[in-house]
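*Asks:* Before I ask anything, here is the structure I am working with.
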Amino acid sequence: MDIIYSIDIIGTFAFAISGALVAMKKEFDVFGVIIIAFVTAVGGGMMRDVLINAHPINWIGDINYIWTILTAVVFTFLFRSKIAPLRRTMFLFDTIGISVFTLLGLQKGLNYDLHPFVALVMGMVSAVFGGVIRDVLTRKVPLIFKKEIYASACLSGGVVYLLLGYAEVHEDLQFITSALVIILIRTVAVVKEYELPKITKDLFTKAS
Amino acid sequence: MDIIYSIDIIGTFAFAISGALVAMKKEFDVFGVIIIAFVTAVGGGMMRDVLINAHPINWIGDINYIWTILTAVVFTFLFRSKIAPLRRTMFLFDTIGISVFTLLGLQKGLNYDLHPFVALVMGMVSAVFGGVIRDVLTRKVPLIFKKEIYASACLSGGVVYLLLGYAEVHEDLQFITSALVIILIRTVAVVKEYELPKITKDLFTKAS
Amino acid sequence: MDIIYSIDIIGTFAFAISGALVAMKKEFDVFGVIIIAFVTAVGGGMMRDVLINAHPINWIGDINYIWTILTAVVFTFLFRSKIAPLRRTMFLFDTIGISVFTLLGLQKGLNYDLHPFVALVMGMVSAVFGGVIRDVLTRKVPLIFKKEIYASACLSGGVVYLLLGYAEVHEDLQFITSALVIILIRTVAVVKEYELPKITKDLFTKAS
Chain G
0 MDIIYSIDII GTFAFAISGA LVAMKKEFDV FGVIIIAFVT AVGGGMMRDV
50 LINAHPINWI GDINYIWTIL TAVVFTFLFR SKIAPLRRTM FLFDTIGISV
100 FTLLGLQKGL NYDLHPFVAL VMGMVSAVFG GVIRDVLTRK VPLIFKKEIY
150 ASACLSGGVV YLLLGYAEVH EDLQFITSAL VIILIRTVAV VKEYELPKIT
200 KDLFTKAS
Chain F
0 MDIIYSIDII GTFAFAISGA LVAMKKEFDV FGVIIIAFVT AVGGGMMRDV
50 LINAHPINWI GDINYIWTIL TAVVFTFLFR SKIAPLRRTM FLFDTIGISV
100 FTLLGLQKGL NYDLHPFVAL VMGMVSAVFG GVIRDVLTRK VPLIFKKEIY
150 ASACLSGGVV YLLLGYAEVH EDLQFITSAL VIILIRTVAV VKEYELPKIT
200 KDLFTKAS
Chain L
0 MDIIYSIDII GTFAFAISGA LVAMKKEFDV FGVIIIAFVT AVGGGMMRDV
50 LINAHPINWI GDINYIWTIL TAVVFTFLFR SKIAPLRRTM FLFDTIGISV
100 FTLLGLQKGL NYDLHPFVAL VMGMVSAVFG GVIRDVLTRK VPLIFKKEIY
150 ASACLSGGVV YLLLGYAEVH EDLQFITSAL VIILIRTVAV VKEYELPKIT
200 KDLFTKAS
């Protein structure tokens with residue numbers, strides 16, 4: 000699956016840039032920027048592999064992840080003043096990355112004979128956890144908990160992937176359809192600024 | 000040990016509710032609430048299993064954890080305005096859960112041939128770490144570091160468990176006695192508002 | 000390598016003290032102080048061992064770590080008013096510990112047949128991650144991201160270690176030389192207050 004590997008690397012690249020940008024804004028030194036880029040890009044897959052006991056874990060088994068991340072950090076440093084206008088391109092890369100991370104993580108879970116629901120969680124861990132670690136290390140409340148349709152997009156795409164699997168659809172079609180579901184939901188959500196419902200303060204204060 | 004499994008599930012349920020409540024107060028969206036409930040409920044056991052290499056780890060090997068947590072989140076959402084008066088019931092569930100988590104974690108450590116002290120630490124990790132992860136993700140200083148007799152209760156119960164084990168007491172009695180020790184210490188401590196001693200600012204400022 | 004084991008224990012002791020001091024300043028209770036001392040001292044090696052699947056992990060396989068840490072906590076409590084004047088001694092222990100942690104972690108990575116670059120990362124994880132976990136749990140932005148030449152010293156020493164390894168230098172000489180590189184860089188950096196360059200706010204605001 001050469002195309003998927005390429006997209007995996009592109010997703011890693013995009014995630015590393017997003018981590019590097021956050022760290023630079025926080026005025027971390029060079030080394031701090033690299034660490035944050037690193038955990039953002041491979042943290043989700045690392046967490047998944049540790050939890051399902053898949054050794055060697057992602058970036059240990061394939062040195063290309065490290066190269067990709069270092070390249071992304073240099074790239075971010077050089078073009079930091081030009082990345083702002085590229086926001087749409089970045090969003091596209093990021094969204095494609097998320098969809099691939101979700102589906103690869105889910106499929107890896109199935110390959111390890113996990114219950115489909117656990118595999119679904121693993122897909123989401125792969126896509127989401129890098130950002131969570133990034134936010135914890137830079138002392139932000141993880142963005143995903145507050146106003147991101149992000150996880151719901153991953154969940155929906157993952158469910159579609161599982162259902163198409165049960166329907167024995169050809170696996171290329173299964174992958175592409177599910178990826179498109181994730182990309183579509185996230186794009187529409189961001190464009191229309193949808194958010195998941197939350198228990199509002201008013202509703203909740205009655206309870207507390 | 001069917002009763003213990005039931006109590007394990009009840010403890011998971013209680014921990015998930017405590018996590019969901021914290022996340023709702025922070026106005027997390029639905030997905031954030033589920034994640035926080037999840038890590039609070041299974042984070043300790045997950046950490047233990049990863050550290051002692053016990054795969055499949057708790058919630059991967061038994062899908063019931065996921066169902067329990069999802070049920071707890073729905074329950075918390077529906078009855079959030081009624082959980083406040085239930086505070087005592089919640090405290091009871093929570094305390095029972097802690098005692099079971101501690102002893103199951105400790106016993107699992109012994110089963111894996113760990114040094115009794117390391118097994119003791121594993122019991123405490125099982126009981127305590129879910130709350131620590133919850134607090135880190137919601138950006139609070141982990142409660143347990145500041146004013147909780149919580150960990151001391153677990154430690155005392157764990158030590159009793161080990162000693163009764165050496166004394167070759169029947170294992171049901173061993174389990175129940177140790178659990179009661181934990182429940183008693185924590186209940187008395189909360190009722191009487193005991194805290195562990197800390198090095199006060201005054202004492203310490205001399206040093207710094 | 001008995002000397003190296005001794006230095007490993009001394010490093011663990013120094014790291015535990017540094018963790019205990021931070022936790023005491025934050026007015027954690029006794030148990031909180033122990034936890035922070037513990038994760039500071041063994042967190043890096045624990046992370047490394049989990050990632051490379053080296054079980055039993057450091058403090059599970061060798062009970063001496065727990066004893067060392069408990070001793071360090073008692074020591075810190077007793078002599079907290081006298082540790083300030085000992086700052087230089089502490090810095091020395093800490094720096095020796097870092098150098099040993101880096102090189103032992105790196106060598107362990109090589110023993111596990113990791114790519115040399117991944118092994119280098121593992122050396123740094125071993126030396127650095129305990130402090131990162133300490134800072135996350137005590138709600139500080141990890142120091143290392145902001146103004147520590149710390150990681151660069153580890154990296155430089157690690158590279159020297161790898162190069163001397165390729166040059167087939169005798170392994171005692173290889174170890175000592177690399178350790179001295181780390182100790183020297185860090186000492187000079189702290190004395191002269193070097194910092195790694197960072198992307199300044201001015202430079203960056205153009206981009207954001």
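Protein chains in written order, with numbering that gives the first Met the number 0: chain G, 0 to 207; chain F, 0 to 207; chain L, 0 to 207.
Idealized CB from N, CA, C, for every residue including glycine.
Please state whether the Cβ-Cβ distance between L:S125 and L:L103 is less than 8 Å.
*Replies:* Yes, the pair counts as a contact, with Cβ atoms nearer than the cut-off.
*Asks:* Under the rule that 16 or more other beta-carbon atoms within 10 Å means buried, what is L:R87, buried or exposed?
*Replies:* Classification for L:R87: exposed.
*Asks:* Report the residue from L:L162, L:A152, L:H169 whose alpha carbon sits nearest the alpha carbon of L:V180.
*Replies:* Here the closest residue by C-alpha is L:A152.
*Asks:* Is G:D28 helix, strand or coil when you go by DSSP?
*Replies:* Strand at G:D28.
*Asks:* For L:N52, report the span of its alpha helix (DSSP H) as first-last.
*Replies:* Run containing L:N52: none; DSSP gives neither H nor E here.
*Asks:* Alpha carbon to alpha carbon, how far is F:G96 from F:T11?
*Replies:* Roughly 7 Å separates the two Cα atoms.
*Asks:* In this structure, how does DSSP classify L:Y64 when only helix, strand and coil are distinguished?
*Replies:* Here L:Y64 sits in helix by DSSP.
*Asks:* Should L:N52 be flagged as near chain G, meaning a C-beta pair shorter than 8 Å?
*Replies:* Taking Cβ atoms only, chain G reaches closer than 8 Å to L:N52, which makes this a yes.
*Asks:* Within the chosen definition, does the region 41 to 60 of chain L reach the region 161 to 174 of chain L through at least 3 CB pairs nearer than 8 Å?
*Replies:* Counting Cβ pairs under 8 Å, fewer than three are found: no touch.
*Asks:* I'd like to know whether the C-beta of G:S151 is nearer than 8 Å to at least one C-beta of chain F.
*Replies:* Yes, contact with chain F.
*Asks:* Report the rounded CA-to-CA distance for L:M45 versus G:G122, giving the unit in angstroms.
*Replies:* Straight-line Cα distance between these residues: approximately 25 Å.
*Asks:* Select from L:Y64, L:L163, L:V49 the residue whose C-alpha is nearest the C-alpha of L:G108.
*Replies:* If we check each option's Cα against that of L:G108, L:V49 comes out closest.
*Asks:* Of the choices L:D112, L:A71, L:G18, L:V29, whose alpha-carbon is the least far from that of F:A150?
*Replies:* Checking every option, the nearest Cα to that of F:A150 belongs to L:V29.
*Asks:* List, in order along the chain, the chain F residues whose C-beta lies closer than 9 Å to that of G:V49?
*Replies:* Per Cβ cutoff of 9 Å: V49.
*Asks:* Taking G:S80 as part of the alpha helix (DSSP H), name the residues at either end of that continuous run.
*Replies:* No alpha helix (DSSP H) contains G:S80, which DSSP labels as neither H nor E.
*Asks:* Tell me which residues share the same chain as L:G18 and place their Cβ nearer than 6 Å to its Cβ, disregarding the 5 neighbours each side in the sequence.
*Replies:* Around L:G18: I35, A36, T39, R133.
*Asks:* With DSSP run on the structure shown, which of helix, strand or coil describes F:R133?
*Replies:* Reduced to three states, the DSSP call for F:R133 is helix.
*Asks:* Check whether chain L comes within 8 Å of G:I68, counting only Cβ atoms and requiring the distance to be less than that.
*Replies:* Answer no: the Cβ-Cβ gap between G:I68 and chain L never drops below 8 Å.
*Asks:* Run down chain L in chain order and give the residues with a C-beta less than 7 Å from the C-beta of F:L113.
*Replies:* Here the neighbours are I59.
*Asks:* Checking contacts by CB at 8 Å: is L:I65 closer than that to chain F?
*Replies:* Yes, its Cβ sits closer than 8 Å to a Cβ of chain F.
*Asks:* At a CB-CB cut-off below 8 Å, which residues of chain G make contact with L:F116?
*Replies:* Residues of chain G passing the Cβ test: I62, I65.
*Asks:* So the candidates are F:A53, F:R47, F:L20; which of them puts its Cα closest to the Cα of F:I68?
*Replies:* Nearest option by C-alpha distance: F:L20.
*Asks:* Ignore the nearest five residues each way along the sequence and tell me which others in F:T101's own chain have a CB closer than 7 Å to its CB.
*Replies:* For F:T101, where only same-chain residues beyond five positions count, the Cβ hits under 7 Å are G122, M123, S125, A126, C153, G156, G157, I181.
*Asks:* To the nearest angstrom, report how far apart L:I8 and F:D1 are at their CA atoms.
*Replies:* Near 44 Å, if we compare the C-alpha coordinates of F:D1 and L:I8.
*Asks:* Any C-beta of chain G sitting closer than 8 Å to the C-beta of F:F30?
*Replies:* Yes, contact with chain G.
*Asks:* Quick check: the Cα distance between G:F78 and G:V99, rounded to an integer number of angstroms?
*Replies:* When rounded, the distance between both Cα atoms is 26 Å.
*Asks:* Applying a beta-carbon distance threshold of less than 9 Å, which residues of chain F neighbour L:I56?
*Replies:* Correct list: L50, I51, N52.
*Asks:* Report the residues of the region 70 to 100 of chain F with a CB closer than 9 Å to any CB of chain G, ordered along the chain.
*Replies:* Of all residues in the region 70 to 100 of chain F, F76, F78, R79, S80, K81, I82, A83 have a Cβ within less than 9 Å of some Cβ in chain G.
*Asks:* Please report the distance separating the alpha-carbon of F:F27 from that of G:I65.
*Replies:* Distance between the alpha carbons of F:F27 and G:I65: 33 Å.
*Asks:* With a CB to CB cut of under 7 Å and the five nearest residues on each side skipped, what residues in its chain are close to F:S207?
*Replies:* With a pLDDT of 36 at F:S207, under the threshold of 50, the predicted position of this residue should be treated as unreliable, though the coordinate-derived value follows. Around F:S207: no qualifying Cβ.
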